[in-house]
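Numbering (full-length UniProt numbering), first residue to last: 1 to 183.
Here you go:
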């Protein structure tokens, strides 16, 4: 982190950082969250150019403010030799969660009962059909469905005017899709 950053509760921010100790000759890196170093913030996975300032997208889903200290390492990076785009015709809403993500999820949460696991795994597959199932008569989720059906991602300012249901669902949907786009 380039400076101390305070992230208010239930918000997200983009802060700047730099890569330290990058290997010579390599410029592109896959940057992933390091949960062991900072448990209170949700950090997006992304590809970055190591020669430039690295944008770090951080979400605070807690009820308390989170402070990230200058010099704190909240992400780890791996060099990337080649980037290949696959399935350019698929929309992000048409993807399903990869088997390794689901397997990792099940391994991490093996202390849950079968019923709790089933409920939690519903959030690992945020598709339009799943949203329709959960929607019922909730006007907040109808709004999220309209955004998904239109294929246009609303700006955070537009989302932030709404209640916690809209913010929470949209944030989960967006972060999982960010992860898919990097995989």
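Even for Gly, the Cβ is constructed at its ideal location relative to N, Cα and C. All of these numbers come straight from a predicted model, not from anything done at the bench.
Following the DSSP letters along the chain, one finds residue 74 in no alpha helix (DSSP H), marked with neither H nor E. Beta-bridge partners assigned by DSSP to residue 60: 11. In the structure shown, residue 161 falls within a coil segment according to DSSP collapsed to helix, strand and coil. Between residue 47 and residue 30 the beta-carbon gap is near 6 angstroms, inside 8 angstroms, which marks them as a contact. For the pair residue 43 and residue 74, the CB atoms are nearer than the 8 angstroms cut-off. Nearest to residue 81 by C-alpha distance, out of 164, 171 and 50, is 50. Out of 147, 154 and 66, the CA that lies nearest to the CA of residue 4 is found in 66. Residue pairing of residue 6 in beta bridges, as defined by DSSP: 67. Taking residue 11 as the centre and dropping the five residues before and after it, the same chain places the C-beta of 60 closer than 7 angstroms to its C-beta, in chain order. DSSP places residue 19 in the coil class of the three-state scheme, outside both helix and strand. Around the beta-carbon of residue 167, 16 or more other beta-carbon atoms lie within 10 Å, marking it buried. Nearest C-alpha to residue 72 among 147, 17 and 143: 17. 2 is the residue among 160, 158, 170 and 2 whose C-alpha sits nearest the C-alpha of residue 70. DSSP places residue 149 within a helical segment (H, G or I) once states are collapsed to three. Rounded to whole angstroms, the gap between the alpha carbons of residue 153 and residue 13 is 17 angstroms.
Between residue 83 and residue 28, the gap from beta carbon to beta carbon is short of 8 angstroms.
Secondary structure note for residue 48: its beta strand (DSSP E) is the uninterrupted segment 46-49.
The alpha carbon of residue 169 has as its nearest neighbour, out of 157, 56, 149 and 143, the alpha carbon of 143.
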